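Positions in the sequence shown are counted from 1; adding 307 to them yields my numbering.
Beta carbons: idealized from backbone N, C-alpha and C, even for Gly.
Since the structure is predicted, the reported quantities are computational estimates derived from the model, not experimental observations.
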Amino acid sequence: MKKFGLIGFPLSHSFSKKYFEEKFQRENIFDCSYDLFELKTIEELPVLLKSNPDLIGLNVTIPYKESVMKYLDVLSDEAKEIGAVNCIKIENGKLKGYNTDTFGFEISLQKFLTIIPDKTFVLGSGGSSKAVCYVLKKLNLPFTKVSREKKDDCSSYEEIFSLMKESNLFINTTPLGMFPNENDCPNIPYDKLSTHDFLFDLIYNPAETLFLKKGKAIGAKTQNGLEMLQLQAEKSWEIWNSK
Numbered sequence: 308m309k310k311f312g313l314i315g316f317p318l319s320h321s322f323s324k325k326y327f328e329e330k331f332q333r334e335n336i337f338d339c340s341y342d343l344f345e346l347k348t349i350e351e352l353p354v355l356l357k358s359n360p361d362l363i364g365l366n367v368t369i370p371y372k373e374s375v376m377k378y379l380d381v382l383s384d385e386a387k388e389i390g391a392v393n394c395i396k397i398e399n400g401k402l403k404g405y406n407t408d409t410f411g412f413e414i415s416l417q418k419f420l421t422i423i424p425d426k427t428f429v430l431g432s433g434g435s436s437k438a439v440c441y442v443l444k445k446l447n448l449p450f451t452k453v454s455r456e457k458k459d460d461c462s463s464y465e466e467i468f469s470l471m472k473e474s475n476l477f478i479n480t481t482p483l484g485m486f487p488n489e490n491d492c493p494n495i496p497y498d499k500l501s502t503h504d505f506l507f508d509l510i511y512n513p514a515e516t517l518f519l520k521k522g523k524a525i526g527a528k529t530q531n532g533l534e535m536l537q538l539q540a541e542k543s544w545e546i547w548n549s550k
């Protein structure tokens with residue numbers, strides 16, 4: 308039996324197990340399983356690996372996309388440049404890290420945008436944010452990173468309004484609004500949004516976060532992270548099964 312799984316904490320929001328189990332059933336794959344491994348700290352990873360020697364692939368989610376890297380033997384060029392990993396291939400006792408978030412995000416974003424926005428804001432500065440910024444650079448879309456506190460490479464939420472243009476793309480890479488904390492949302496000036504704006508949320512549970520609801524109420528175009536999840540999952544599957 309080939310064993311795959313997801314590490315992170317918490318995992319109550321995750322669709323990954325259901326997604327892969329449905330894939331196995333749909334494609335008549337009988338020799339594989341996919342499990343959730345909730346780790347309270349990333350330091351629990353070696354114990355998990357030792358107690359599951361048949362593991363050959365892992366996905367990585369919040370909050371371990373960056374901290375997991377110290378346990379990996381090899382990094383793909385993309386993961387090394389981004390500084391975050393969400394897919395691990397285990398082969399001959401070696402762990403190789405990849406970033407498939409970039410693949411999923413790039414395709415989903417390009418399908419979502421109907422125009423090139425005048426201004427792009429990346430909300431958050433964690434591992435998912437790094438993958439998003441990598442894609443935006445690749446697509447030559449200038450962007451501003453936004454964090455709760457102003458930093459050398461980040462503006463603060465208080466500064467967003469003064470930076471907004473006619474059409475704006477807001478990308479939420481934070482867990483704000485994720486189940487079960489569905490009443491949370493990033494602190495952007497929602498009352499200043501218009502039908503020219505775009506809101507992309509990497510969260511997929513709930514399907515419509517408060518961030519997206521507030522944008523839709525004003526007429527902005529909105530997109531959740533489900534398609535991105537599906538695309539990155541398929542890319543992970545391709546990596547795990549490549550020779």
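{"Item": "Assign Phe281 to buried or exposed, taking buried as 16 or more other Cβ atoms, counted over all protein chains shown, within 10 Å of its Cβ.", "Value": "Outside the displayed range of the chain (308 to 550) lies residue 281, so it cannot be described from this structure."}
{"Item": "CA-CA distance, Leu313 and Gly404?", "Value": "14 Å"}
{"Item": "Closer than 8 Å is the cut-off here; do at least three beta carbon pairs connect the stretch 358-373 with the stretch 419-436?", "Value": "yes"}
{"Item": "Distance, Cα to Cα, Val392 vs Gly315?", "Value": "12 Å"}
{"Item": "Taking C-alpha atoms, which residue in Thr451, Thr480, Glu473 lies nearest to Glu466?", "Value": "Thr451"}
{"Item": "Go ahead and pull the three-state DSSP assignment for Phe507.", "Value": "strand"}
{"Item": "Could you tell me if Glu456 is buried or exposed, where buried requires 16 or more neighbouring beta carbons within 10 angstroms of its beta carbon?", "Value": "exposed"}
{"Item": "What does DSSP give as the partner residues of Gln332 in its beta bridges?", "Value": "For Gln332, which the question treats as bridged, DSSP gives no partner whatsoever."}
{"Item": "To the nearest angstrom, report how far apart Glu534 and Gln417 are at their CA atoms.", "Value": "12 Å"}
{"Item": "Which residue's Cα is closest to the Cα of Asn406: Asn366, Lys523, Ile478?", "Value": "Asn366"}
{"Item": "What number of angstroms, rounded off, separates the C-alpha of Ser297 from the C-alpha of Cys394?", "Value": "Residue 297 is absent from the model: the chain starts at 308 and stops at 550."}
{"Item": "Indicate whether Leu425 and Ser474 have their beta-carbon atoms separated by less than 7 Å.", "Value": "Per the sequence presented here, residue 425 reads as Asp, with Leu not at that position. Contact: yes."}
{"Item": "Among residues of its own chain, excluding the 5 on either side of Gly532, which ones have a beta-carbon nearer than 7 Å to its beta-carbon?", "Value": "Asp508, Leu509, Ile510, Tyr511"}
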